[in-house]
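Everything below concerns the one structure shown next.
2 protein chains.
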Amino acid sequence: MFAKRMTNIQESFIREILKVTQQPDMISFAGGLPNPKFFPVEAISIASDKVLQEHGYEALQYSTTDGYRPLREYIAQRYADRYDLTVSADEILITNGSQQGLDLLGKLFLNPADKLLLEQPSYLGAIQAFSFYEPQFIAIPLLEDGLNIEVLTQAVKQHQPKLSYIIPNFQNPTGATYSLEKRQQIADLLIQHGGLLIEDNPYGELIFEGEPLSPLRTYLGEQGIMLGTFSKIIAPSFRLGWVCANRKIIAKLTIAKQAADLHTNYLAQRIIYQYLQDNNLDAHLAVIKEAYQHQRDVMLGMIKQHFPAEVSYIKPTGGMFIWAALPSGYSAQAMLQQAIQENVVFVPGHPFFVPDGGENCMRLSFSNTSPADVETGIQRLGAVMTRFLQDDVVYF
Amino acid sequence: MFAKRMTNIQESFIREILKVTQQPDMISFAGGLPNPKFFPVEAISIASDKVLQEHGYEALQYSTTDGYRPLREYIAQRYADRYDLTVSADEILITNGSQQGLDLLGKLFLNPADKLLLEQPSYLGAIQAFSFYEPQFIAIPLLEDGLNIEVLTQAVKQHQPKLSYIIPNFQNPTGATYSLEKRQQIADLLIQHGGLLIEDNPYGELIFEGEPLSPLRTYLGEQGIMLGTFSKIIAPSFRLGWVCANRKIIAKLTIAKQAADLHTNYLAQRIIYQYLQDNNLDAHLAVIKEAYQHQRDVMLGMIKQHFPAEVSYIKPTGGMFIWAALPSGYSAQAMLQQAIQENVVFVPGHPFFVPDGGENCMRLSFSNTSPADVETGIQRLGAVMTRFLQDDVVYF
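If you're matching them up, the sequences are chains A and B in order. Residues 903 to 1298 in the numbering used here are what the first sequence spells out, letter by letter. Residues 903 to 1298 in the numbering used here are what the second sequence spells out, letter by letter.
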């Protein structure tokens, strides 16, 4: 009954885990959720009132597919201010979260069996969105400072991928951030061999240390496509994200979006814009970053104290995630069952790998857990791990 | 560079016309827009405040893909109250307007060259959404009381379409409504031959005369898929619609939606639900219906008075549209250019036809034009028409 493209599609494993997290006393490092404590509820309420009182009849009507022009100009200006990157509002399409950007880009570019290059591991939602268009995934190992350049170079030469997809800042799931050198190397390679690069950047504003590094688009020009979102910096429920790409791509994407849902919730666009006009986003971000950084520090400290020495992990300099690896041969998925018994959960690494891998890995989110719960949760997890690694069972 | 599916995709012609409607003194019968005068701005503002004050932190967080459960229960209850039709909230998926339902259904069911049966003429946005999945369209002539049953019967036997798509109430673009007899005949035919029927119902609540007729789903059971929306009864900017289908389909659609945009704006779902709790929707609808009915009556009266006798049209019993036809051989598209000179616009019929047809037809929307402007606009259009038909040029 269903289309062929549905054959290999499965429900997100993470959403399954999230059901367990509802249990009382469960400490969850599973969800990639921002901490609601920092949602600007009062300021959003004021912005909402203002928009409805001053522009209510217009704000409730149908609107244009490309999105509210002043919001697109704000986004363009932020690229200029933050990254010294000049883009036009015409190069920005407002989407239902950056997730919709992934879907629309897949729809626009991917024929079945087209080559799509991505990080190993990569964002689960991207793998899922692209899978509907049945590409051939070319997965390149991700190191702490970005893609493995040797493997990438060979793959680009061999496969000439039409599209590449990366998350250069505080990657999901690994927390890894690309060095400036790797950004330039990757851009050089793609300029030489052609192909478009999608750089997804949901976490870039959540930087704890140092200065933000240039997007690859800086070097790539029209070969670069950027995705962004307000989900992690204001609130996710609005589903407000964007695609920034050259005008030709945006024109086609706009047609695809028109067919997909006519336009993004316009009242939400007006409210977020009003919020951005009346509030200091950087001051708001400073509060979030300080809290997340503290939670990261607590988690790293507890990991050092309670995880067995043979468990490795990446120290992120921003974002929401720490990536840890059991010694090779131990299954994080198997360990998860024991962790649930002890009221602590994480996401096993396996679903982030295409076609497979990462069985010994796990993603730990620190963004939505209080420092006290981080302490308790990592203690529990460390105890589970110690016991688990003492077993003689090797799983694969 | 682009995927093969993009080859035959074009921007909506209607959106192009809408640009002209911005000109001063232009009277537009082109857009399918609800009248913003009736948007419940104050009540939405109160609902928004209440949700943010009472549930702000939750309402701004990520949410489930299927949608806010109480809103889904409300929709199920309305099917029971209005059509005596029992559906479960589990059979309802909240989407970004019913337009997203069309896209997700295309994604779920359509392989390239699969047979998709639809009305001739049909909703432009549906043609556009489905076109991305490259089906073979089987277009069945739509009469004033529904599809031509003889042609339909033959087409179903010959093509065994996997999917059929109709708008049984106050259809877009024709305003036609299916008789109860045709509903039963079509359902019988599909029960006999198999295949799913999507019945889109954006205008069903805008009924001016008589009692609402049963959805085809009443007879079709699990072969029936219903689309609905709050766009025409509350406000379109929220992009809140739904798909109602059997659980197996909803489960797969939910996975497709998760990949497409994770979930629909959750704050919007909470606000609309709060609005529905605190206000009387039927009283609100009574006001809209009275106004639209009056505008329809004025338009029909002016058409009778000012259109040449050889121009035919359908009298709708609800909704937003009147469909008119010049004598065969005259091009409404060509006439539109002259109408624009006289500051009145409509949508020519051609784009609603797959693969082509309707060159002499036009859609006139009465929902978003004041009675005074309806009078002036139809006078202008009648004069243009009279002059146009006196020319000897026959266009096709």
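Think of the CB as a built atom: it goes at the ideal place given N, C-alpha and C, for glycine as much as any other residue.
By the Cβ neighbour-count rule, His1165 (chain A) is buried, with 16 or more other Cβ atoms within 10 Å of its own. Contact check for Pro1253 (chain A) and Leu1026 (chain A): beta-carbon distance about 5 Å, within the 8 Å limit, so the pair qualifies.
With respect to chain A, the C-beta atom of Arg971 (chain B) has no partner C-beta closer than 8 Å. Within chain A, the residues placing a beta-carbon under 7 Å from that of Tyr959 (chain B) are Pro938, Phe941 and Val943, ordered along the chain.
Going by C-alpha positions, Pro936 (chain A) is about 6 Å away from Lys1134 (chain A). DSSP, reduced to helix, strand and coil, places Glu1021 (chain B) within a strand of the structure shown.
The region 963-978 of chain A and the region 1212-1221 of chain A do not touch, with fewer than 3 CB-CB distances between them shorter than 8 Å. Per the coordinates, the alpha-carbon of Pro926 (chain B) lies some 29 Å from the alpha-carbon of Tyr1105 (chain B). Lys952 (chain B) and Gln1176 (chain B) do touch by the CB rule: their CB atoms are close to 5 Å apart, below 8 Å. Residue range Gln1038 to Leu1045 is occupied by the beta strand (DSSP E) that includes Phe1039 (chain A).
Exposure of Asp1184 (chain A) is indicated by the presence of fewer than 16 other C-beta atoms within 10 angstroms of its C-beta. DSSP places Thr1156 (chain A) within a helical segment (H, G or I) once states are collapsed to three. In this structure the region 1114-1127 of chain B does not touch the region 1038-1050 of chain B; the number of beta carbon pairs closer than 8 Å is below three. Here DSSP, grouped into helix, strand and coil, assigns Val1256 (chain A) to coil. Selection A:Phe1039, A:Gln1240, A:Asn1270 and A:Val1249 evaluated against Thr1288 (chain A) yields A:Gln1240 as nearest (Cα-Cα).
Listed in chain order, the non-local C-beta contacts of Leu1049 (chain B) below 6 Å within the same chain comprise Ile1042, local neighbours out to five positions each way being set aside.
For the alpha helix (DSSP H) assignment, the uninterrupted runs of no fewer than 4 residues enclosed by the region 1087-1172 of chain A are, from N- to C-terminal side, 1119-1122 and 1149-1163.
For Leu1012 (chain A), same chain residues with a beta-carbon under 6 Å away, outside a window of 5 residues either side, are Tyr1035 and Pro1037 in chain order.
Against chain B, the CB of Gln1195 (chain A) has no partner CB under 8 Å away; the residue lies outside that interface. The beta carbon of Tyr964 (chain A) falls within 8 Å of a beta carbon belonging to chain B, placing the residue at that interface. Neighbours of Lys1217 (chain A) in chain B, taken as residues at a C-beta separation under 8 Å, are lacking, since the least C-beta distance is about 26 Å. Put simply, the CB of Gln1094 (chain A) is far from chain B, with every gap to its CB atoms at 8 Å or more. For Ile994 (chain B), no chain A residue has a C-beta closer than 7 Å to its own C-beta; the minimum C-beta separation is roughly 17 Å.
Within chain A, no C-beta atom comes less than 9 Å from the C-beta of Ala932 (chain B); the nearest is roughly 13 Å away. If you ignore the 5 residues before and after Trp1225 (chain B), its C-beta comes within less than 7 Å of the C-beta of Pro1075, Thr1076, Gly1077, Tyr1215, Ile1216, Cys1263 and Arg1265, all in its own chain and listed in chain order. Per DSSP, Arg1282 (chain A) is one residue of the alpha helix (DSSP H) stretching across Pro1273 to Gln1292. Inter-segment contact for the region 1095-1113 of chain A and the region 1059-1074 of chain A is present: three or more beta-carbon pairs are separated by less than 8 Å. The three-state reading of DSSP puts Pro1250 (chain A) in strand, counting E and B together. Between Phe1268 (chain B) and the set B:Lys921, B:Ile929, B:Ile1093 and B:Gln1197, the nearest pair of CA atoms involves B:Gln1197. Between Ile929 (chain B) and Asn1245 (chain B), the CB-CB gap stays under 8 Å. Nearest to Ile1051 (chain A) by C-alpha distance, out of A:Phe1072, A:Ser1024, A:Gln1086 and A:Pro1023, is A:Gln1086. Just so you know, the alpha carbons of Ser1116 (chain A) and Val1145 (chain B) end up roughly 43 Å apart.
Annotated three-state conformation of Ser1230 (chain A) is coil, per DSSP.
Just so you know, the alpha carbons of Asp1163 (chain B) and Phe1140 (chain B) end up roughly 15 Å apart.
In the structure shown, Leu935 (chain A) falls within a coil segment according to DSSP collapsed to helix, strand and coil. Sequence-ordered contacts of the region 1004-1021 of chain B with chain A read Asp1005, Lys1009, Leu1010, Phe1011, Leu1012 and Asn1013 [C-beta pairs closer than 7 Å].
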